Amino acid sequence: AQEVGDLPFLYQPGMLSSAWGVGIRQLAAGLGVDVDEIRDSVEQEPAPEDFDVAVGTIKKGTVAAVRFLIEGLVGGKPVIVVEHI
Numbered sequence: 020a021q022e023v024g025d026l027p028f029l030y031q032p033g034m035l036s037s038a039w040g041v042g043i044r045q046l047a048a049g050l051g052v053d054v055d056e057i058r059d060s061v062e063q064e065p066a067p068e069d070f071d072v073a074v075g076t077i078k079k080g081t082v083a084a085v086r087f088l089i090e091g092l093v094g095g096k097p098v099i100v101v102e103h104i
């Protein structure tokens, strides 16, 4: 079980941008957009109670869901967003 706030390597700051940043820049180039910055964020949602899934039990308070974003920014605003839930 993973505790909320205990981030695996992929979710460490900057890792998602490293993995997905090239794709965002390629898409931006194809659209004729100059991306100023790429940033990422991760959100975790704790299980409100114990529940069973195919591979075992998710315990109350451990990570039940993850959402992450990688954003290509222009002028401080996201123009290309990759989102996983």
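So my numbering is basically just the index in the sequence shown, starting at one, shifted up by 19.
Built from N, CA and C at the ideal position, the CB exists for glycine as well.
Bear in mind the structure is a predicted one, so any value in this text is a computation, not a measurement.
Can you check which of these residues, the options, is closest to residue i by C-alpha distance?
i            : options                     : result
serine 60    : Leu46, Lys79, Gly33, Val52  : Gly33
valine 82    : Glu64, Val93, Ile89         : Glu64
glutamate 62 : Asp53, Leu35, Pro97         : Leu35
glycine 95   : Glu102, Glu22, Asp55, Gly24 : Asp55
Do residue j and residue i come within 8 Å of each other at the CB atom, strictly closer than that value?
i           : j            : result
arginine 58 : glutamate 90 : yes
valine 52   : valine 85    : no
Under a Cβ-count criterion, where at least 16 other Cβ atoms within 10 Å of its own Cβ denotes burial, should residue i be classed as buried or exposed?
i              : result
glycine 40     : buried
valine 100     : exposed
isoleucine 104 : exposed
Can you find a heavy atom of the ligand SAM that lies under 7 Å from the Cβ of residue i?
i         : result
valine 98 : Absence of the ligand SAM is noted for the structure shown, with no ligands found whatsoever.
Which full runs of the beta strand (DSSP E) of 3+ residues lie inside the stretch 37-77, going along the chain? Here the runs fully enclosed are 56-65, 70-72, 75-77.
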